[in-house]
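Since the structure comes first, as structure tokens, the remarks are kept for the end.
Protein chains: 2
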Amino acid sequence: RFKPVSLNDVTIDEGFWKDYQDLNHEVTLAHIDKWLERTGWLKNFELVVSGNIAQERKGREFSDSEIYKYLEALSWEYGRTGDPALNERIEAIARTLEAAQDEDGYLNTRFGHPGLEPRYSDFEWGHELYCFGHLIQAAVARLRTFGEDRLTAVARRVADHVCETFGPDGLDVICGHAEIEVALAEFGRATGERKYIEQARLFIDRHGKQSLADIEFSRAYFQDDVPVREADSMRGHAVRAMYLSAGALDVAHESNDHGLAEAVRNQWDRALARRTYVTGGMGSHHQDEAFGEDFELPSDRAYSETCAGIGSIMVAWRLLLADGQAQEADHIERVLFNVLATALADSGDAFFYTNSLHQRVRGHEAHPDEISPRAHASLRAPWFEVSCCPTNISRTIASLGAYVATTSQNALQIHQYPSGILDTRVGESGRAQVRVRSEFPRRGRLRIEVGAESRGVWDLQLRVPGWAADARVTVNGDSWAVTSGYVTLTEASAPGTIIDVDFGSQPRILEPDPRIDAVRGCVAVQVGPQVYCVESVDLPDDLDVDVLTFTRDVRWEDGLLVGDFLVSVPEDSAWPYSADSSGATPRKISIPLRPYNSWGNRGPATMRVWLPVL
Amino acid sequence: RFKPVSLNDVTIDEGFWKDYQDLNHEVTLAHIDKWLERTGWLKNFELVVSGNIAQERKGREFSDSEIYKYLEALSWEYGRTGDPALNERIEAIARTLEAAQDEDGYLNTRFGHPGLEPRYSDFEWGHELYCFGHLIQAAVARLRTFGEDRLTAVARRVADHVCETFGPDGLDVICGHAEIEVALAEFGRATGERKYIEQARLFIDRHGKQSLADIEFSRAYFQDDVPVREADSMRGHAVRAMYLSAGALDVAHESNDHGLAEAVRNQWDRALARRTYVTGGMGSHHQDEAFGEDFELPSDRAYSETCAGIGSIMVAWRLLLADGQAQEADHIERVLFNVLATALADSGDAFFYTNSLHQRVRGHEAHPDEISPRAHASLRAPWFEVSCCPTNISRTIASLGAYVATTSQNALQIHQYPSGILDTRVGESGRAQVRVRSEFPRRGRLRIEVGAESRGVWDLQLRVPGWAADARVTVNGDSWAVTSGYVTLTEASAPGTIIDVDFGSQPRILEPDPRIDAVRGCVAVQVGPQVYCVESVDLPDDLDVDVLTFTRDVRWEDGLLVGDFLVSVPEDSAWPYSADSSGATPRKISIPLRPYNSWGNRGPATMRVWLPVL
């Protein structure tokens, strides 16, 4: 229904997301590069060439994929900035990969070399096809922002090897971590080669045939319990679920497979209604990094993995293009502001792997030179033994422009509202040149100006977010109320047209579905797209957040969102379950609430998003 | 302060726990024997002898310990019943063990044989000392109920090997799973050999020196983060924490180490106040089977491992003996009725490994011939890949009598109230022969008769449980009110004395500490020692328990505890967080509440202990 615009057609030029893109360019990419060298994960490819890989290999079985996600980030960022240093780095790494690639296209540092286990000896945990997938996605980014080169040639040989090995007459299995599916589908689109899409379809259809072992977490972990088109919910490992769903939607789109698309749509709708945090985060279990049961959404043990958030953007984007429903763009916005922006430190060189909604105890600052052995952290860490999130964040920030706008037959849709310039073709001969000045996320206001270079007659469709209240649109002085969904400004294409939009900036007090047991008796505060929280660094007397009861009174004061709370410091009883309930007399305080994405940048703190109310 | 009585002095002769002991005797022990054969875990010892162990070994690295816990169960049960078949089985297995033991006393089927990793090459996960510990505990049971024999000789050689290898000049390490500490301390007491207690002390003192690796779950998992006497809370893997604490208390007692005892006491008190479920269960995380942070007690993801409950009985019992506080006997009662009794199926041949307080979806009946690959289950399973719980349940039920009574200088204390006969020495020359007729757990009433064989003058001390309300004691017609703690009936020793006790049988509505976020806005119902729950098999129209709001009205009707609830079937919205809250009009129903320990015996069901209230 909607058609993506080229990344080159979108320039984010100031404000919240421009700051993130600058930070990614100036800090995060170099930080990743340093750690890929320091950990030896990049050097693994050289060890394959030198023959020492079995003795000296470093990192987990999927470490290759971090090189590839970094290459993807570099490719998008090169496309965005044209920085020649990025291009040189891509070419240098591509030479390393090329040297390590086997004659038949296989490329992996963990398997298939003397002294290591043979190729394809561990589909549950080996991650070979997963790694291939990320290499292929890097090549897609390279094709979109540069063109054919050494990297894309390496990826093509890998993709061809996959088609030969796992084709209709090949190995009838899947990889324990979905990723190859969406990668092959994207590669097929980028290269115009149908066979890659057909191979992606084969992998999609092989899920749920129980070719993988029944593990402690059950086959749902791999989405190998039930076929994609028969499953009724998102389940199992959340990142795997999202990557698989994105691949399934691509395959469905490319082959007009409405049944497959409908199945994923239903799983997605149920996930949004029953298995998603208010931040847009997905994944309720630490144990298996997985979706929980319906309405099992604990704040303090929220997994809400950064990569699952990013995966959910991939799914939502594909559904948005197919169905044109604003709830998908709402979800993308929610995850960008409340998962992605949360995961990256203000400093750009530390990351949350999991994004808890409730920090019970104050943590420790991570050492900037130490790898975290665990996903969970009370404060952001510089790198992880399983370091999927940093490179995922970087590639997503570099390609943020892709999610801003689309076109259809005779219209331009704007889905996200960073300040910037859109300049894209609309329909056969139209051109939309549009300038957006946005006060997001602090205020839900923006101004859109149709530029002098615009051509033709087209409609402008603006997403009115689900959180909008008393929203109004004003076009050249005419003003009217709008409600959530897409509002169409017919023939808004005249150069000089000025559109003012106000979605409202008042705090909203959110009540959870009564079936979400974990947050019964609590509310959350949201302003615009941002979920807010309380953080103990804002409390007097070294108190922690568990002493607070929220009065529901909240207001703007000097640019700060301030709420009124009752403070009551509970006393321990020997046994915390009693037929008598008594309480200390509370006192009242006013403290600021902060955007959840900003928390944990001011040292160790306790924090909560869901606020108990009287 | 209190002295244990001999197991032979206590006979449980009817009622709730007698039924469990009969079930254990008639079903559970044979069930365990069958599975130890079927899985090959017992045969592993024969494979050591035949030299085929590396090729044919079955089971996880700690499977030896299940044989040993089974031997312990058999030993206690032989002591209880004198059944010669049990004795023969013990002797037969002891011969198998003896044949597999190395010359220097080492005995393990997983390490130290040709083709397997060498001895002591993996202290984090190898479990060698853990397995030794359970063998030694089996020998303690054998010494207490039979005397020296082949089994105790094997265990003594193992214990001596441990002292030689890990003594003051030996390997300065600990086992990743505590157990050897409490076992050696018990063995030292049973044999009168001080050196075993000294070795236990060495292991206790070595905890917290970070000799084990920093793993994903952190060293707290092994209690190797902080020394025992410096730690301020129970933490990490809950079973490990309990076994270690029991060992530390034994060592503290045997060497008058008040500092060590005080440290464990403080950790325990905090665990009861902040880290224990209303059922007495401990352990909030599935991921690492561990304690959570203070007040992190999710119902739906309660781990509450059966073995952690049993371990907590071991700790509470030692604290009770040392300090004489009724809260410890309260805890033992709570765990017996709400963890141990829950874990075992009515049929005696299926088990809960974890004891969730909230079952969100209906599960599947486990196949009676299939090993469960996971700890979590919606219904009880016959056996597990990690099958620590069945044998632990069996050994505890067989030795239940041990927790009923103690004596002090001039008094008999009764802590638990199964119907039965106590016949034990009190002080220098006294004898207490006492008959208890109990209506536990359904009613908190009992009658105690001092028997004709009683001698001397002694006091009777009765535990008045924490849950007692309007409790009264009547002695030979004189009646007075009592409150929780120990009530002393001075010189109650005259034969023919009749004591009637009524602790009350009214349902209590329990409010949780407000810091337990997971159950905010909910109450639990307890009657006597039993926590109650609602189970969907009692609901009309195939409803599930998540439609219920409790009115707090509950009463006895025809022997059933019946509560009034409002039923409101929520409708999904696309996004479950909203500034508008609306609700369907509820209707009222009355349904039975059931003892939590009985749930899951009537087929797949949803269940909850904590009931949302208006």
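Read top to bottom, the protein sequences are chains R and F. Numbering-wise, the first sequence is residues 1 to 614 according to the numbering used here. Numbering-wise, the second sequence is residues 615 to 1228 according to the numbering used here. The beta-carbon is built from N, C-alpha and C at its ideal position, and this holds for glycine as well.
Handout entry: the stretch 1134-1142 of chain F contacting the stretch 1119-1126 of chain F, beta-carbon criterion three pairs below 8 Å
Key = yes
Problem - Beta-carbon proximity of residue 896 (chain F) to residue 919 (chain F), cut-off 9 Å - result: Position 282 of the second sequence, counting from 1, holds the residue named residue 896 (chain F). Position 305 of the second sequence, counting from 1, holds the residue named residue 919 (chain F). Yes. Within cutoff.
Handout entry: C-alpha distance - residue 1045 (chain F) paired with residue 753 (chain F), whole-angstrom precision
Key = To locate residue 1045 (chain F), count along the second sequence from 1; it is residue 431. To locate residue 753 (chain F), count along the second sequence from 1; it is residue 139. Going by the C-alpha atoms only, they are around 29 Å apart.
Problem - Near-chain R residues of the stretch 1187-1211 of chain F - C-beta to any C-beta below 7 Å - result: 1187, 1188, 1189, 1190, 1191, 1192, 1193 and 1195
Handout entry: Where residue 333 (chain R) meets chain F, residues with beta-carbon distance less than 9 Å
Key = Counting from one through the first sequence, the residue named residue 333 (chain R) turns up at place 333. Taking a Cβ-Cβ cut-off of 9 Å, residue 333 (chain R) has no neighbours in chain F, whose nearest Cβ is about 12 Å from it.
Exercise for the section: Could you name the residues of chain R that residue 887 (chain F) contacts, counting a contact when the two beta carbons are closer than 9 Å? Expected result: Counting from 1 along the second sequence, the entry for residue 887 (chain F) is found at position 273. Near residue 887 (chain F) (Cβ distances below 9 Å), the residues of chain R are 572, 573, 574, 575 and 576.
Practice task
Count the C-beta pairs between the stretch 590-609 of chain R and the stretch 326-342 of chain R that are closer than 8 Å, then say yes if the count reaches three, no if not.
Solution key: yes
Problem - Closest residue to residue 747 (chain F) among F:860, F:994, F:1074 and F:1221 (Cα-Cα distance) - result: Translated into positions along the second sequence, residue 747 (chain F) becomes position 133. Comparing Cα positions, the closest option is F:860.
Practice task
Run the CB neighbour count on residue 483 (chain R), radius 10 Å, all protein chains shown included, and call it buried at 16 or more, exposed below.
Solution key: Taking the first residue of the first sequence as position 1, residue 483 (chain R) is located at position 483. With fewer than 16 other Cβ atoms within 10 Å, it is exposed.
Exercise for the section: Report the rounded CA-to-CA distance for residue 1273 (chain F) versus residue 1207 (chain F), giving the unit in angstroms. Expected result: Residue numbering for chain F in the displayed model covers 615 to 1228; residue 1273 (chain F) lies beyond these limits and cannot be assessed.
Exercise for the section: Determine the extent of the alpha helix (DSSP H) in which residue 166 (chain R) is found, giving its start and end residues. Expected result: The residue labelled residue 166 (chain R) in the question sits at position 166 within the first sequence. 150-166 is the span of the alpha helix (DSSP H), which, as asked, contains residue 166 (chain R).
Exercise for the section: Give a yes or no on whether the C-beta atoms belonging to residue 379 (chain R) and residue 364 (chain R) are separated by under 9 Å. Expected result: On the first sequence, position 379 is the one that residue 379 (chain R) refers to. On the first sequence, position 364 is the one that residue 364 (chain R) refers to. Yes; because the gap between Cβ atoms is below 9 Å, this pair is in contact.
Handout entry: Short CB-CB distance (under 9 Å) between residue 286 (chain R) and chain F
Key = Position 286 of the first sequence, counted from the first residue, corresponds to residue 286 (chain R). Yes, because at least one Cβ of chain F sits closer than 9 Å to the Cβ of residue 286 (chain R).
Problem - Rounded separation between residue 439 (chain R) and residue 595 (chain R) - CA only - result: One-based indexing of the first sequence puts residue 439 (chain R) at position 439. One-based indexing of the first sequence puts residue 595 (chain R) at position 595. Cα to Cα, residue 439 (chain R) sits roughly 15 Å from residue 595 (chain R).
Practice task
Could you give the DSSP three-state label for residue 626 (chain F): helix, strand or coil?
Solution key: As a working note, residue 626 (chain F) is residue 12 in the second sequence. Three-state result, residue 626 (chain F): strand.
Handout entry: Same chain, Cβ closer than 6 Å to residue 1013 (chain F), neighbours up to 5 away in sequence not counted
Key = Residue numbering aside, residue 1013 (chain F) sits at position 399 when the second sequence is read from its first letter. Closer than 6 Å at Cβ, skipping near neighbours: 690.
Problem - Integer-rounded CB distance, given that residue 686 (chain F) should sit under 8 Å from residue 592 (chain F) - result: Residue 592 (chain F) cannot be examined here, being either before or after the span of chain F that is shown, 615 to 1228.
Problem - Closest Cα partner of residue 388 (chain R) within the set R:234, R:254, R:460 and R:35 - result: Residue 388 (chain R) sits at position 388 when you count from the first residue of the first sequence. Selection R:234, R:254, R:460 and R:35 evaluated against residue 388 (chain R) yields R:35 as nearest (Cα-Cα).
Exercise for the section: Verify the CB distance criterion: does residue 317 (chain R) have a CB-CB separation below 9 Å to chain F? Expected result: Here residue 317 (chain R) corresponds to residue number 317 of the first sequence, with the count starting at 1. Not one chain F Cβ lies under 9 Å of residue 317 (chain R).
Exercise for the section: Report the partner residues of residue 1005 (chain F) according to the DSSP bridge assignment. Expected result: To locate residue 1005 (chain F), count along the second sequence from 1; it is residue 391. Residue 1005 (chain F) pairs with nothing; no bridge assigned.
Problem - chain F contact residues for residue 511 (chain R), given Cβ-Cβ distances below 9 Å - result: Here residue 511 (chain R) refers to the residue found at position 511 of the first sequence. Correct list: 1191, 1192, 1193, 1194 and 1195.
Practice task
Output the boundary residues of the alpha helix (DSSP H) element that contains residue 709 (chain F).
Solution key: Within the second sequence, numbered from 1, the residue matching residue 709 (chain F) stands at position 95. Residue 709 (chain F) -> alpha helix (DSSP H) spans 698-714.
Handout entry: Cutoff 9 Å: residue 168 (chain R) Cβ touching any chain F Cβ
Key = Numbered from 1 along the first sequence, position 168 holds the residue referred to as residue 168 (chain R). Judged by the 9 Å Cβ criterion, residue 168 (chain R) is not in contact with chain F.
Problem - Boundaries (first-last residue) of the beta strand (DSSP E) holding residue 420 (chain R) - result: Here residue 420 (chain R) refers to the residue found at position 420 of the first sequence. From DSSP, the beta strand (DSSP E) with residue 420 (chain R) extends over 419-426.
Practice task
Indicate the three-state DSSP secondary structure (helix, strand or coil) for residue 1161 (chain F) in the structure shown.
Solution key: Locating residue 1161 (chain F) in the second sequence gives position 547, where the first residue counts as 1. Three-state result, residue 1161 (chain F): helix.
Handout entry: residue 1151 (chain F) beta carbon less than 9 Å from that of residue 1107 (chain F)
Key = Here the question's residue 1107 (chain F) lines up with position 493 in the second sequence. Here the question's residue 1151 (chain F) lines up with position 537 in the second sequence. Not a contact, by the Cβ cut-off of 9 Å.
Practice task
Give a yes or no on whether the minimum CB-CB distance between residue 610 (chain R) and chain F is below 9 Å.
Solution key: Your numbering for residue 610 (chain R) matches position 610 in the first sequence. It does; some Cβ of chain F falls within 9 Å.
Problem - Best match in F:1162, F:1189, F:872 and F:1025 for proximity to residue 1204 (chain F) [C-alpha to C-alpha] - result: Counting from 1 along the second sequence, the entry for residue 1204 (chain F) is found at position 590. Residue F:1162 is the option with its Cα nearest to residue 1204 (chain F).
Problem - Whole-angstrom distance between residue 682 (chain F) and residue 749 (chain F), CA atom to CA atom - result: Mapped onto the second sequence, residue 749 (chain F) falls at position 135. Mapped onto the second sequence, residue 682 (chain F) falls at position 68. C-alpha separation (whole angstroms): 5 Å.
Handout entry: Assigned secondary structure, residue 1145 (chain F) (DSSP; H/G/I helix, E/B strand, else coil)
Key = Locating residue 1145 (chain F) in the second sequence gives position 531, where the first residue counts as 1. Strand.
Exercise for the section: Can you pull the chain F residues whose beta carbon is under 9 Å from the beta carbon of residue 293 (chain R), in chain order? Expected result: As a working note, residue 293 (chain R) is residue 293 in the first sequence. Per Cβ cutoff of 9 Å: 914, 974 and 975.
Handout entry: Residue from F:734, F:874, F:1019 and F:1023 with nearest C-alpha to residue 1037 (chain F)
Key = Position 423 of the second sequence holds residue 1037 (chain F). Residue 1037 (chain F) has its Cα closest to that of F:1019, out of F:734, F:874, F:1019 and F:1023.
Practice task
Within the stretch 1041-1127 of chain F, note down every full alpha helix (DSSP H) run reaching 4 residues or more, in order along the chain.
Solution key: For the stretch 1041-1127 of chain F, not a single whole alpha helix (DSSP H) run of length 4 or above is found.
Handout entry: the stretch 921-929 of chain F in contact with the stretch 1079-1090 of chain F per 3-pair CB rule at 8 Å
Key = no
Problem - chain B contacts from the stretch 657-676 of chain F (Cβ-Cβ distance under 7 Å) - result: Included in the structure are the protein chains R and F, with no chain B among them.
Exercise for the section: Determine the burial state of residue 465 (chain R): buried for a count of at least 16 other Cβ atoms within 10 Å of its Cβ, exposed for fewer. Expected result: Position 465 of the first sequence, counting from 1, holds the residue named residue 465 (chain R). So residue 465 (chain R) ends up on the buried side.
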